[in-house]
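Each residue of the sequence shown is one higher than the one before, starting from 1 at the first, in the UniProt record's numbering.
A short worksheet on the structure shown next.
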Amino acid sequence: NLATSEFHSITHYVDVKLCSHLCSVLRETREVACMNNYFGIGLDAQIAYQFHNTREKNQIKSRTKNKMLYGILGGKEFFSNSQKYLERKMTLECDGTPVSLPTRLQGLVFLNIPSYMAGTNFWGTDREKRGFSAPSYDDKLVEVVGVTGITQVTTAKVLGIQNQRIAQCRYAKIIMHGPDKLPMQVDGEAWLQGPGIIVVSHKNKARIIFKNKIFSQTLESWKQKNPGQPVSPQRPVGILDYLTEEEIERYRSAAHATRALMELVRLEGAAGNCEVSRDLVPLLSSTTSTMDRVFPDDQISETADLEHLEDFKREMGALVEETLYTLDKKKISSTRARKMREYVELLKSCVDAISSSELSATGNNYRRASEPTGLRGHTTQQTSPSTAHRGRAACMHTDPTLNADWYINKIGKEVSEWGCDEVCSWLGLLGLSDYDSVIHSNGITGPALLDLQTKDILELGFTKVGHMTKLRSGIQTLNPTLNSRQGATKRARQFRETR
């Protein structure tokens, strides 16, 4: 009996849509679980399955006792090795290429995030290494890691070594042989699965909301400094307020190219191309919905805001990336593939033209209009996926085109007239009021502040990278010509000599 299953997930799902001879099987697939973080077969799933059954018989509410129970079950597996020789019970294909499994294999883990076993990076590194690319949340790849035993799991958890990297792929097919059922788990939910075929592949992306601690601290500091000033609510920013006719025409051209490309994708999917149906067709609904909010009937919407515009740009980029990947696999008929590639190149050129435009980068305008009054001098900037990979950090910086006059009006004096107290008040607006004593003890006035160099900032005690970045950005805001100077001025030299 062939057991087929389909895993639907926020970021990955498991299905059996591989080629035309399996299309008849799709009608009989059934959803059995959702995957967000990881999918395990073998050793880890066996322990999770035993733990679930044991706790169902005798439910324990104590977290400590549950951890002890998990450790006891892991110790039993150390001696029994019930999942040994797993490589004989299954075969693995990654992106259509057979992959040889390590000997004495006891488990396979498919990772979507760099966190496994209570925060362990089971892949072993966050950098490119030995032919593998650096793991990333948004690279649409899963990392396949082998488990050779409890000893390897323990050393990977405690010491971060003995990582059994097998592959990185967009989809992986596991074919299970033999009559025995194998333990499996998806995000901690374990069960026994009989022989069959499972394919793990990318489904879609999801936005992740996280708390920006630096912005929260700055907001609290601002509230303390301005107890009587209300915080204005966020409001959407209309597109027509910030885009020129030239930029609107660029977006309209991109919308035309997107619609033409989507029509070709629909035709290819309707022709029975399972590759297109799996990889491209799911993108069409979200792209169409996003585009209709911005350009209904090829006319720009008066109700659309900048957030909708950013969504449209993101959907266009995803469609270009997925279409190029499918075309490179040469799974589309030559005539239609040539037309699709032409529209992809056209759409890509439109996206590049939009990205290179100054007014297309409307994120700063959006943030300034949507932030609380008085905090518009601060913006949050996320690192891009290409530079941040999995670690998506956020840092504070000041807008040099807007905030100089705001700071001067807030302090009440020109920077050249600032004393130590005014400099401390300015630091408070940046969220750096902890350094007030440093300013007073070193006698930092406004003119000396403008001439501080990186060496001076370090000597003052600004050792944290985030604090140094905010201070340098703030100084640049007060003195936009700071970057063009080739060295310290006379006042800066005098300041260092006095110290």
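Ideal Cβ placement from N, Cα and C applies to all residues, glycine included.
message: Can you list, in chain order, the residues of its chain with a C-beta nearer than 7 Å to that of alanine 260? Leave out the 5 residues immediately preceding and following it.
response: Tyr343
field: Length-filtered (4 minimum) alpha helix (DSSP H) runs lying within the region 291-355
entry: 306-328
- prompt: glutamate 268 by DSSP, collapsed to three states: which one?
  reply: helix
- request: Have a look at Arg88, Thr148, Ser437 and flag the residue whose alpha-carbon is nearest the alpha-carbon of leucine 105.
  value: Thr148
Close-in-space but distant-in-sequence residues of the same chain around asparagine 479 (CB under 6 Å, 5 per side omitted): Leu450
query: By how many angstroms is the C-alpha of threonine 290 removed from the C-alpha of glutamate 307?
result: 10 Å
Same chain, Cβ closer than 6 Å to glycine 269, five either side skipped, listed in chain order: Val276, Ser277, Val281
- request: In the DSSP assignment, find the alpha helix (DSSP H) that holds glutamate 422 and state where it starts and stops.
  value: 420-430
task: To the nearest angstrom, report how far apart glutamate 414 and serine 425 are at their CA atoms.
output: 13 Å
- prompt: According to the Cβ coordinates, are glutamate 143 and glutamine 168 closer than 8 Å?
  reply: yes
task: Taking 8 Å as the cut-off, decide whether the C-beta atoms of glycine 431 and serine 221 are in contact.
output: yes
- request: Report the residue from Gly428, Gln476, Lys76 whose alpha carbon sits nearest the alpha carbon of glutamine 224.
  value: Gly428
- prompt: Just curious, the alpha helix (DSSP H) that serine 80 is in, first and last residue?
  reply: 63-80
query: From Ile174, Ile444, Ser285, pick the residue whose C-alpha is nearest to that of residue 510; which is it?
result: Nothing can be reported for residue 510, as the shown portion of the chain is limited to 1 through 499.
Coarse secondary structure for phenylalanine 132, derived from DSSP in three states: strand
- request: Tell me whether phenylalanine 110 sits in a helix, a strand or coil according to DSSP, three-state version.
  value: strand
message: Can you look up arginine 170 in the DSSP assignment and give me helix, strand or coil?
response: coil
task: Tell me, please, whether the region 94-103 touches the region 121-137 by the rule of three or more beta-carbon pairs shorter than 8 Å.
output: no
query: Under the three-state reduction of DSSP, which class applies to serine 115: helix, strand or coil?
result: coil
- prompt: Looking only at C-alpha atoms, which of Ser437, Val294, Leu182 sits nearest to cysteine 420?
  reply: Ser437
message: Would alanine 172 and leucine 92 qualify as a contact pair, given that the criterion is a beta-carbon distance under 8 Å?
response: yes
Three or more C-beta pairs below 8 Å linking the region 442-459 and the region 239-249: no
message: Buried or exposed, going by whether 16 or more other CB atoms sit within 10 Å of the CB of valine 294?
response: buried
query: So what's tryptophan 191 in DSSP terms, helix, strand or just coil?
result: strand
query: Count the other CB atoms within 10 Å of the CB of leucine 309; is the residue buried (16 or more) or exposed (fewer)?
result: buried
query: Going by beta carbon distance, what residues of the same chain come within less than 6 Å of aspartate 139, once the five residues before and after it are set aside?
result: none
- request: Have a look at Gly317, Leu284, Glu249 and flag the residue whose alpha-carbon is nearest the alpha-carbon of aspartate 298.
  value: Glu249
message: Just to check my reading of the structure: asparagine 112 and asparagine 163 have Cβ atoms closer than 8 Å, yes? What is that Cβ distance to the nearest angstrom?
response: Not really, about 17 Å apart at Cβ, beyond 8 Å.
field: serine 201, enclosing beta strand (DSSP E) - first and last residue
entry: 196-202
query: Does the beta-carbon of glycine 474 have 16 or more other beta-carbons within 10 angstroms, so that it is buried, or is it exposed?
result: buried
- prompt: Is threonine 258 closer than 8 Å to leucine 347 when the C-beta atoms are compared?
  reply: yes
- request: Go ahead and label glycine 412 buried or exposed: buried means 16 or more other beta carbons lie within 10 angstroms of its beta carbon, across all protein chains shown.
  value: exposed
task: Confirm, please, whether the CB-CB distance from valine 351 to methionine 316 is below 8 Å.
output: yes
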